[in-house]
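Everything on this sheet refers to the single structure shown next.
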Amino acid sequence: MASRAAVSKVLRPASVSARALSSSTTATSSVANKLVGRNALLTTPLARVSRSEPKWLVGAEQRRLASSDEGVTQMTVREALNSAMEEEMNRDETVFVMGEEVARYNGAYKITKGLLDKFGEDRVIDTPITESGFAGMAVGAALAGLRPVCEFMTWNFAMQAIDQIVNSGGKTYYMSGGNVPCPVTFRGPNGAAAGVGAQHSQDYSAWYGSVPGLKVISPWSAADCRGLLKAAIRDPNPVCFLENELLYGVSFPITKEELSEDFLLPIGKAKVEKEGSDVTIVTHSKMVTHSLEAAELLEKNEGIKVEVINLRSIRPLDIDTIINSVKKTNHLVTVEGGFPAFGVGSEIIAQICESPAFDFLDAPPERITGADVPTPYSESLEHMAFPDTSIIVKVLKRHLCE
Amino acid sequence: MSSILLKRAKTGSDVINSIHRQSVINITRSLITGPPSSTPPTHHHTTPTAAPLPSPVPLPFFSPDVSAQQGINNGEAKPLYVPGSQADRLARVSRMSSPLRRGSHESWWSGEMGWFNAVAKTIPTYRVLDEEGHLVKGTAIPEITKEEALAMYRTMTLIPIVDNILYQSQRQGRISFYMQCAGEEAAIVGSSAAMLEGDEMFGQYRESAALLHRGFTLDAMMSQCFGNVEDVGTKGRMMPVHYSAPELGFHTITSPLATQMPQAAGAAYALKLDEDRQGDCVICYFGDGAASEGDFHAALGMNSVLGGPCIWFCRNNGFAISTPIIDQYAGDGIASRGPAYGLDTIRVDGNDALAVLSAVREARKRAVEGKKGVLVEAMTYRVGHHSTSDDSSMYRRVEEVKEWTVVDNPIHRFRAFLASKSWWNETSEKDLITSHKSKVMKAFSRAEKLPKPKLGEMFNDVWGIGKGDEVPAVIMEQRAELGRLLKKYGDVWEPWRKERKRFVEEGMDVMDCDGRGS
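Top line first, the protein sequences correspond to chains W and L. At position 364 of the first sequence (counting the first as 1) the number is 365 in the working numbering, and the numbers step up by one without a gap. At position 288 of the second sequence (counting the first as 1) the number is 308 in the working numbering, and the numbers step up by one without a gap.
Shown next as structure tokens:
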């Protein structure tokens with residue numbers, strides 16, 4: 002009230018004294034500053050600040066390797082995704098990006114940063130907030146010959162558009178007798194993040210992985226993201242590209258070859274991130290980090306040599322790589338950040354049990370997954386709801402020793 | 021019992037106390053949205069990356085004498101215009117140009133509290149011919165040549181015969197499903213006739229007449245319904261009436277309601293971007309029931325904001341399966357929603373082929389010139405059942421349906437117009453119907469006798485395979501598995517031996533391969 006009275010004095014020049022003017026100016030400017038500060042906070046979407054201290058997401062050995070080799074540089078997953086889209090948009094005029102907040106705001110997670118300035122409003126489109134609407138538009142534009150990249154703010158919101166992705170995107174090529182392809186890429190962050198509760202923390206790999214006609218990718222490193230996103234955009238099929246929010250800011254070593262414009266990774270091929278002879282871990286996305294850390298600890302402390310397979314693609318599933326690995330190690334443990342029931346791990350174990358690798362198993366295969374409850378918001382409960390390095394170490398020790 | 025409860029309660033509070041004590045002692049956890057606790061405090065009020073927002077200037081704090089004075093001045097200084105004049109309108113528009121008031125096209129301040137539930141008044145229905153085929157007062161006949169008119173009439177009379185044959189064949193169990201166009205011939209054919217060759221068409225499922233008018237052959241239609249070897253559009257993978265004809269710009273019919281609408285918005289956007297296809301247009305058909313789906317609003321919203329030439333063609337036929345429009349919506353039809361999205365909108369008599377033709381022609385012109393969406397609501401009546409899974413006599417009187425076919429029959433109305441131009445007479449009518457019937461019967465029995473596509477087609481086209489890429493293992497395995505089973509049981513088990521004969525190559529294509537496909 003006091004400041005308001007002071008302002009009113011400014012607007013009545015007749016009664017203004019020099020002292021009142023100086024005091025009222027400071028009052029106004031501080032009010033303005035406060036307003037700006039609050040507005041800036043209000044426009045920050047959701048709670049984006051990670052609650053825990055940043056951790057190294059690659060093993061110590063790899064870090065040393067990265068800094069010693071001169072041909073290798075560092076790149077964040079965010080930069081990898083951004084550069085992949087930019088290069089594909091440069092290469093092919095029919096590629097365009099659409100979604101909520103992708104243009105002026107540069108994306109809720111800044112993945113599309115700078116694309117609007119480079120490619121203009123026709124190719125980087127802010128859409129109204131209607132998931133089924135813009136996902137359907139992306140499908141329609143793909144049916145009409147373009148190659149849309151459709152960003153969901155998170156895959157949790159894509160449930161509003163799942164009919165367009167599954168029923169139209171995934172099936173039109175088959176239903177049209179192989180006459181009308183639908184080359185659309187749906188992408189966005191997937192799986193549990195930090196402190197965003199039950200409705201923002203779900204892994205959809207198993208959901209989309211169960212649909213014939215869709216290709217599903219769940220990348221881990223910056224190189225994965227570059228190679229696979231470029232391959233996804235060039236693929237003639239609808240691709241669900243499931244990123245992880247917590248990996249966006251993480252740097253990975255990246256080679257010159259991986260930085261080249263023609264760097265593509267084959268969809269449907271897994272990568273053995275670390276070779277080993279005692280037990281096979283099959284994992285994807287952020288859980289690759291934890292699995293590698295666990296493998297390192299086990300090797301150092303127990304002398305257990307763990308083979309870590311980074312799935313990269315959920316569908317088509319590279320079961321051959323897993324079969325070969327299981328034949329070598331005779332043990333299989335899957336690690337994922339999704340729910341256990343009907344999950345990626347369940348599918349892998351089922352396929353292994355149906356394959357010749359079954360006879361090589363020395364113990365029943367095991368799944369390490371998220372807890373079978375809606376993700377809790379409380380930080381301590383959330384930590385308990387998902388696997389981490391220590392859990393993987395514990396389970397592997399038990400798996401091998403009991 | 022009570023003592024136990026008391027004890028429990030006590031321990032419960034103990035736990036809470038201890039938790040509380042703990043949290044008081046070690047406050048290690050930082051705020052959810054705040055910086056980590058290790059960050060030194062700063063005095064910045066703005067985030068460094070954000071551009072400063074305009075700060076609202078606080079309202080002046082007037083003293084009573086000042087405001088009284090201003091009131092007098094205001095009355096004198098404010099320019100007065102004749103209400104409704106151009107000057108008055110411009111003054112209003114300029115007052116509305118403030119960015120804070122964006123979102124309403126041309127609103128003005130009013131001291132009166134007024135409530136509205138319609139944009140203007142009830143939207144009128146445009147027609148050229150009345151029920152008996154006479155010209156309506158004050159209207160103009162759209163430009164139409166004799167050939168165009170007769171082509172329209174041929175399709176309008178052909179579709180009931182196709183419908184009748186295929187409907188009956190479903191009843192006899194020869195095909196699994198069917199949907200008729202009956203009663204909506206004028207709306208569908210009239211709109212289709214207004215579209216040009218390069219245009220794209222998204223149907224809902226009751227638009228086979230539009231497809232026929234675009235040049236889809238009777239043979240192709242029957243082949244799709246039987247899913248035989250000549251069904252190149254869907255290769256026997258889709259239910260009957262789910263046509264797909266990319267060569268005619270007709271997109272694959274999808275069963276879930278209204279999903280074609282956001283896709284049409286996307287196709288329209290693709291046309292907008294494609295320099296080679298300027299002048300082409302999208303037409304998207306949907307029903308009054310589909311307009312209740314979220315996808316309807318999603319599509320119109322997207323199209324109105326992002327643009328792209330698209331005609332939203334609503335066939336308001338009075339029923340969504342059994343639900344009459346009175347239970348479907350409460351506003352002024354579907355048309356009233358167009359202005360809400362800022363789309364040019366017209367309501368047209370859907371049983372008047374000429375009115376539909378001329379309305380859609382104008383809609384197409386507006387859509388292409390403005391690269392935007394246009395909404396057309398065609399008022400018609402569904403004479404047939406919803407589908408072969410439906411018996412409409414359960415929810416509407418058969419007399420009501422009969423009355424429509426007699427009192428307001430779209431075919432009769434258009435025929436009266438043709439006769440008035442002396443382009444048509446009784447003998448030509450008789451000849452046409454006879455030739456239609458024989459053509460339809462011929463196509464029908466031909467399609468029924470044709471074998472089914474190769475068995476291996478079941479596994480093709482799940483994914484598009486790029487050049488030099490492998491067929492996914494999951495596909496090869498399934499194909500090889502079926503081949504193995506066929507080799508083992510295909511000749512010895514009677515049901516399979518019989519079934520195999522219906523397919524081209526009798527399943528040999530699956531048996532003689534390693535799963536890689538033909």
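Where a beta carbon is used, it is the ideal one built from N, C-alpha and C, also for glycine. Just so you know, these numbers come straight off a predicted model, no measurement behind them.
From G228 of chain W to E258 of chain W, what distance separates their C-alpha atoms?
The residue given as residue 228 of chain W occupies position 227 in the first sequence. The residue given as residue 258 of chain W occupies position 257 in the first sequence. Distance between the alpha carbons of G228 of chain W and E258 of chain W is about 11 angstroms.
Starting from E446 of chain L, find everything on chain W with Cβ-Cβ shorter than 8 angstroms and list it in chain order.
Start at 1 with the first residue of the second sequence, and residue 446 of chain L comes out as number 426. Residues of chain W passing the Cβ test: none, with the nearest at roughly 43 angstroms.
Where does Q200 of chain W land, buried or exposed, given buried means 16+ other C-beta within 10 angstroms?
Within the first sequence, numbered from 1, the residue matching residue 200 of chain W stands at position 199. Exposed.
State the beta-bridge partners of P149 of chain W as determined by DSSP.
Locating residue 149 of chain W in the first sequence gives position 148, where the first residue counts as 1. BP columns for P149 of chain W point to W:F97.
Give the interface partners of H271 of chain L over in chain W, defined as CB-CB distance under 9 angstroms, in chain order.
Counted from its first residue, the second sequence places residue 271 of chain L at position 251. The contacting residues are G141, L144, A145, T173, S177 and V181.
If the cut is a Cβ gap below 9 angstroms, which residues of chain L does T290 of chain W touch?
For this step, residue 290 of chain W is matched to residue 289 along the first sequence. Result: empty, since nearest Cβ-Cβ is about 21 angstroms, beyond 9 angstroms.
How many angstroms separate the CA atom of P344 of chain L from the CA atom of H406 of chain L?
As a position in the second sequence, residue 344 of chain L is number 324, starting the count at 1. As a position in the second sequence, residue 406 of chain L is number 386, starting the count at 1. When rounded, the distance between both Cα atoms is 12 angstroms.
Excluding the five sequence neighbours on either side, which residues of its own chain have a C-beta within less than 6 angstroms of the C-beta of V309 of chain W, listed in chain order?
Working through the first sequence from its first residue, we reach residue 309 of chain W at position 308. Excluding positions up to five away in sequence, the list reads E274, K275, I282, S292, L293 and A296.
For T263 of chain L, three-class secondary structure by DSSP:
As a first step, residue 263 of chain L must be located in the second sequence, where it is residue number 243. Correcting the residue identity first, residue 263 of chain L is Tyr in this sequence and not Thr. Y263 of chain L: coil per DSSP, three-state reduction.
Check the Cβ-Cβ distances between V494 of chain L and every residue of chain W, and say whether any is below 8 angstroms.
In the second sequence, the residue the question calls residue 494 of chain L occupies position 474. Yes, its Cβ sits closer than 8 angstroms to a Cβ of chain W.
May I ask you to report which of helix, strand or coil DSSP gives N91 of chain W?
Counted from its first residue, the first sequence places residue 91 of chain W at position 90. N91 of chain W sits in a helix when the DSSP states are folded into three classes.
Ignore the nearest five residues each way along the sequence and tell me which others in L155 of chain L's own chain have a CB closer than 8 angstroms to its CB.
Here residue 155 of chain L is taken as the residue at index 135 of the second sequence, counted from 1. Closer than 8 angstroms at Cβ, skipping near neighbours: V148, L149 and I161.
For a cutoff of 8 angstroms on Cβ pairs, would you count N238 of chain W as touching chain L?
One-based indexing of the first sequence puts residue 238 of chain W at position 237. Answer yes: the Cβ-Cβ gap between N238 of chain W and chain L drops below 8 angstroms somewhere.
How many whole angstroms separate the CB atoms of I323 of chain W and I369 of chain W, which I take to be in contact at a CB cut-off of 8 angstroms?
By 1-based counting over the first sequence, the position of residue 323 of chain W is 322. By 1-based counting over the first sequence, the position of residue 369 of chain W is 368. That belief does not hold up - the Cβ atoms of I323 of chain W and I369 of chain W are roughly 15 angstroms apart, past 8 angstroms.
Do you know how far the Cα of E519 of chain L is from the Cα of W483 of chain L?
On the second sequence, position 463 is the one that residue 483 of chain L refers to. On the second sequence, position 499 is the one that residue 519 of chain L refers to. C-alpha of W483 of chain L to C-alpha of E519 of chain L: approximately 27 angstroms in a straight line.
Contiguous alpha helix (DSSP H) assignments of at least 4 residues, all confined to the segment 200-280 of chain W
Complete alpha helix (DSSP H) runs here, min 4: 206-210, 223-235 and 257-260.
Measuring straight from C-alpha to C-alpha, what distance separates N180 of chain W and L401 of chain W?
Translated into positions along the first sequence, residue 180 of chain W becomes position 179. Translated into positions along the first sequence, residue 401 of chain W becomes position 400. Taking the straight line from one Cα to the other gives about 51 angstroms.
Would you kindly work out how many angstroms separate the C-alpha atoms of E250 of chain L and A143 of chain W, rounded to a whole number?
In the second sequence, the residue the question calls residue 250 of chain L occupies position 230. In the first sequence, the residue the question calls residue 143 of chain W occupies position 142. Distance between the alpha carbons of E250 of chain L and A143 of chain W is about 26 angstroms.
Closest to I163 of chain W by CA distance: which of W:K328, W:F135 and W:R148 is it?
As a working mapping, residue 163 of chain W is identified with position 162 in the first sequence. Of W:K328, W:F135 and W:R148, the residue nearest in Cα terms is W:F135.
What residues of chain W sit near T279 of chain L, judged by a beta carbon separation below 8 angstroms?
Residue mapping note: residue 279 of chain L aligns to position 259 of the second sequence, counting from 1. By Cβ distance, chain W contributes G137, D164, Q165, N168 and S169.
Can you give me, in chain order, the residues of the segment 118-134 of chain W that have a beta carbon less than 7 angstroms from any beta carbon in chain L?
D123, I126, T128, P129, T131, S133 and G134
Closer than 8 angstroms by C-beta to G218 of chain L: which residues in its own chain qualify, once you throw out the five before and the five after it? Chain order, please.
For the purposes of this step, residue 218 of chain L is taken as residue 198 along the second sequence, with counting starting at 1. Hits under 8 angstroms: G269, R297, G299 and D300.
The ligand MG heavy atom lying under 7 angstroms from the CB of T272 of chain L:
Absence of the ligand MG from the depicted structure is noted, as is the absence of any ligand whatsoever, leaving it without description.
Proximal residues to I495 of chain L (C-beta, below 7 angstroms), its chain only, five neighbours per side dropped
Locating residue 495 of chain L in the second sequence gives position 475, where the first residue counts as 1. Here the set comprises F479 and V482.
Rounded C-alpha distance that separates L116 of chain W from H384 of chain W
By 1-based counting over the first sequence, the position of residue 116 of chain W is 115. By 1-based counting over the first sequence, the position of residue 384 of chain W is 383. C-alpha separation (whole angstroms): 36 angstroms.
Between W:A193, W:D373 and W:G171, which lies nearest to M288 of chain W when the distance is taken from Cα to Cα?
Your numbering for residue 288 of chain W matches position 287 in the first sequence. Per the Cα distances, W:A193.
Is it true that the segment 182-189 of chain W meets the segment 151-168 of chain W, where meeting means three or more beta-carbon pairs spaced less than 8 angstroms apart?
yes
Does the CB of G108 of chain W have a neighbour CB from chain L at under 8 angstroms?
One-based indexing of the first sequence puts residue 108 of chain W at position 107. Not flagged as an interface residue toward chain L: G108 of chain W, since no C-beta distance is shorter than 8 angstroms.
At the level of alpha carbons, what is the spacing between S206 of chain W and V280 of chain W?
Here residue 206 of chain W refers to the residue found at position 205 of the first sequence. Here residue 280 of chain W refers to the residue found at position 279 of the first sequence. Their backbone Cα atoms lie some 24 angstroms apart in a straight line.
Below-8 angstroms beta-carbon distance, R381 of chain L vs any chain W residue:
Stepping through the second sequence from its first residue, residue 381 of chain L is reached at position 361. For R381 of chain L, the answer is no, since every Cβ of chain W falls outside 8 angstroms of its Cβ.
Does the beta-carbon of F306 of chain L have 16 or more other beta-carbons within 10 angstroms, so that it is buried, or is it exposed?
Sequence index remark: in the second sequence, residue 306 of chain L carries index 286 (1-based). When all chains shown are included, F306 of chain L counts as buried.
Is the beta carbon of G327 of chain L closer than 8 angstroms to that of K422 of chain L?
If you number the second sequence from 1, residue 422 of chain L lands on position 402. If you number the second sequence from 1, residue 327 of chain L lands on position 307. The answer is no: Cβ separation not under 8 angstroms.
Minimum C-alpha distance to E367 of chain W - residue among W:T335, W:L382 and W:E380
Residue 367 of chain W sits at position 366 when you count from the first residue of the first sequence. The shortest C-alpha separation from E367 of chain W is found at W:T335.
Kindly provide the ranges of any alpha helix (DSSP H) runs that are 4 or more residues long and lie completely inside the segment 341-370 of chain L, ordered along the chain.
Counting whole runs of 4 or more residues, the segment 341-370 of chain L contains the alpha helix (DSSP H) stretches 357-360.
DSSP on I485 of chain L, reduced to helix/strand/coil?
Counting from one through the second sequence, the residue named residue 485 of chain L turns up at place 465. Coil at I485 of chain L, not helix or strand.
Here's the rule I'm using: 16 or more other beta-carbon atoms within 10 Å means buried, otherwise exposed. How should Y509 of chain L be labelled?
Here the question's residue 509 of chain L lines up with position 489 in the second sequence. Answer is exposed; the Cβ neighbour count stays below 16.
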